[in-house]
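For the sequence shown, position 167 (counting from the first letter as 1) is numbered 167 according to the working numbering, and the numbering increases by one without interruption.
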Amino acid sequence: MKLIFEYSRPGKEGFHIEEEKGRETIPQELLRGEIEELPEVSEREVVSHYLRLSVMNYSVDWGFYPLGSCTMKYNPKVNEAIASYFTDAHPLLPEELVQGYLKIFKELEEALREITGLYAFTLAPSAGAHGEFTGIITIRNYLEDHGEKREIVLIPDSAHGTNPASATLAGYRAVEIPSDDKGMIDLDKFKEALNERVAALMITNPNTLGIFEAKIREIADLLHKAGAFLYMDGANMNALLGQVKVADLGVDVIHLNLHKTFSTPHGGGGPGSGPVGVVEKLAPYLPGPHLEEGEGILRWKNGRGRIRSFFGNFLVLVKALAYIRELGGEGLREVSEVAVLNSRYLRRKLEGKFKIAYPTETLHEFVLSDETFRDRISTLDLAKRLLDYGFHPPTIYFPLIVHGALMVEPTETESKETLDEFASAMEKILEEAEENPEIVKTAPHKTPVGRLNEVEAARRPILTWQEYLKTSG
């Protein structure tokens with residue numbers, strides 16, 4: 001007999017398929033006893049079915065998607081078309097045969113260096129959190145090579161939630177720094193926490209309140225004097241494009257979410273890309289691979305270890321370069337200007353009826369609290385009712401330092417009319433909370449499904465069709 005296929009499972013009985021006298025033998029337990037009744041449908045019915053399913057899903061192409069801190073903006077479809085031209089090359093091809101592809105890597109690295117003012121980049125990280133980990137590992141590599149035994153990473157309470165996880169995964173202990181009454185890092189608390197055991201501060205700027213950390217230069221100087229580094233989470237870079245080079249702020253390391261800021265659809269599990277840039281003295285400690293030019297061609301060289309297989313999510317990188325080349329320096333500046341303008345306009349529309357978490361002026365996003373409605377409805381109730389008005393709700397209950405938070409980021413791609421309609425819907429829901437709170441508490445009413453038990457879904461997810469059949473009876 002000739003072995004055709006073999007499958008094994010750890011701790012369980014596997015199976016194999018063999019060819020016997022010119023035919024394949026399949027284990028009895030894998031054979032159907034009888035053919036299930038299959039529906040007989042036309043092509044037209046199949047197309048209609050899947051099209052109906054598609055329009056049940058809310059997407060950034062369909063409407064306003066104001067998720068704060070995520071920069072869920074519409075991206076030009078031309079960049080998707082451009083990326084589709086680069087799908088044929090296998091990553092194991094010799095460098096000599098893919099010089100055009102490598103030039104795309106190189107040009108994007110140069111563009112990101114120009115945008116940030118930093119010395120070197122790796123394009124390998126697959127997402128923002130992966131970039132965070134890569135950046136902190138780079139700092140650790142440097143400190144260990146210089147005989148530094150530091151074990152603390154400082155993280156503001158307004159930082160992104162993945163920051164403490166990345167620091168911990170890199171072998172550090174995360175220590176939280178509180179915000180002051182303006183929504184910025186409390187400078188006195190920061191100074192108290194800064195000592196010779198601190199490796200870095202991970203700062204999100206603008207932070208998750210949408211507030212620019214005005215004392216960042218002073219913070220950077222204090223860190224450097226103490227022998228520590230300033231890591232900047234660049235997820236909110238949409239607010240800073242063309243306005244400032246982060247190197248001028250004293251930043252030593254940054255990750256950039258290309259799938260947020262530079263034209264790749266965000267969400268759905270990927271693909272993402274989180275390139276990491278560093279100052280010159282950290283460049284030798286940046287994980288690779290990196291490009292180098294020699295003998296007239298570009299080649300890959302190893303860095304300080306590797307943080308993924310191959311070279312990065314290439315098609316995401318193509319789209320980012322297309323976006324940057326299409327807009328240029330002035331266009332990128334306009335992106336940030338309109339993003340901030342839209343956010344401030346929407347904030348002004350809402351702040352008369354809703355409580356703004358902190359009085360400080362915000363940039364690309366702002367955070368509302370539930371102070372004006374918590375006695376009648378919850379933040380979750382308001383979010384679910386927004387669905388009935390045709391809007392995806394903002395980020396809710398984050399950042400944790402704001403009670404019942406609603407974090408709103410309109411981005412630069414939305415029109416004034418859309419912002420006005422969203423503000424009107426928010427105000428109408430407040431009126432409903434006064435006059436008929438039950439309609440808000442039981443929302444949504446106009447969606448394909450009603451309100452789901454999200455806690456139950458998180459704790460006991462149904463992941464297979466067998467589980468579904470059990471629960472559905």
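Idealized CB from N, CA, C, for every residue including glycine. All figures in this text were calculated on a predicted structure; none of them were measured in a lab.
For the options Val338, Leu256, Ile35, Leu282, the alpha carbon positioned closest to that of arginine 140 is the one of Leu282. Of all C-beta pairs linking the stretch 344-354 to the stretch 185-202, fewer than three are shorter than 8 angstroms, placing the two stretches out of contact. Between the stretch 60-77 and the stretch 390-398, the count of C-beta pairs closer than 8 angstroms reaches three or more; the two stretches touch. Between alanine 425 and the set Glu192, Leu67, Ala120, Asp388, the nearest pair of CA atoms involves Asp388.
In the DSSP assignment, tyrosine 231 falls outside any alpha helix (DSSP H) and lies within the beta strand (DSSP E) extending over 229-234. Considering only Gln99, Thr87, Arg44, Val55, the residue with the shortest C-alpha distance to glycine 296 is Gln99. Bridge pairing for valine 198: Ile152 [DSSP].
Under the three-state reduction of DSSP, leucine 469 is assigned to helix.
Ranked by Cα distance from histidine 146, the first of Pro178, Leu386, Ala228 is Ala228. Bounds of the alpha helix (DSSP H) holding alanine 322 are 314-350. The beta carbons of serine 273 and leucine 286 sit no closer together than 8 angstroms. If you check the CB distance, valine 338 and asparagine 238 do not come in under 8 angstroms. DSSP places threonine 122 in no alpha helix (DSSP H) but in the uninterrupted beta strand (DSSP E) bounded by 120-122. Boundaries of the beta strand (DSSP E) around phenylalanine 366: 366-369. Following the DSSP letters along the chain, one finds alanine 174 inside the beta strand (DSSP E) bounded by residues 173-177. Proximity to tyrosine 74 across Arg299, Ser263, Leu154, Gly210 peaks at Ser263, based on C-alpha coordinates.
The residue among Val41, Glu409, Ile82 with its C-alpha nearest the C-alpha of asparagine 207 is Glu409.
With 16 or more other Cβ atoms inside 10 Å of its own Cβ, leucine 382 counts as buried. The residues Ile115, Leu241, Gly242, Ile324, in chain order, have a CB closer than 8 angstroms to that of leucine 332 in the same chain once the five nearest residues on each side in sequence are set aside. In chain order, Phe310 place their CB closer than 6 angstroms to the CB of proline 91, counting only its own chain and leaving out the 5 sequence neighbours on each side. The continuous stretches of alpha helix (DSSP H) do not include valine 408, which lies in the beta strand (DSSP E) extending over residues 406-408. Rounded to whole angstroms, histidine 255 and leucine 123 show a C-alpha spacing of 10 angstroms. Around histidine 130, the same chain offers Gly274 as residues with beta carbons nearer than 6 angstroms, after the five sequence neighbours per side are excluded. Between arginine 385 and proline 444, the C-beta spacing is below 8 angstroms. Fully enclosed alpha helix (DSSP H) runs of no fewer than 4 residues occupy 416-435, 437-441, 454-459 of the stretch 382-469, in order along the chain. Beta-carbon to beta-carbon, proline 284 and lysine 301 are separated by about 12 angstroms, too far to satisfy the 8 angstroms threshold. If you compare the alpha carbons of Gly135, Met407, Gly450 with that of methionine 56, the shortest gap goes to Gly450. Per the C-alpha coordinates, the member of Ser84, Pro94, Arg113 positioned closest to valine 318 is Ser84. Per DSSP, reduced to three states, the secondary structure at glycine 128 is helical.
Straight-line measurement puts the Cα of glutamate 36 at about 53 angstroms from the Cα of aspartate 370. When the beta-carbon positions are compared, threonine 411 and isoleucine 211 stay at least 8 angstroms from each other. In this structure, DSSP gives glutamate 292 an extended state, which the three-state scheme calls strand. One alpha carbon belongs to leucine 406, the other to threonine 379, and they sit about 7 angstroms apart. 8 angstroms or more divides the Cβ of leucine 194 from the Cβ of leucine 230. When only Cα atoms are considered, proline 461 and valine 78 end up about 37 angstroms apart. Bridge partners of lysine 301 according to DSSP: His290.
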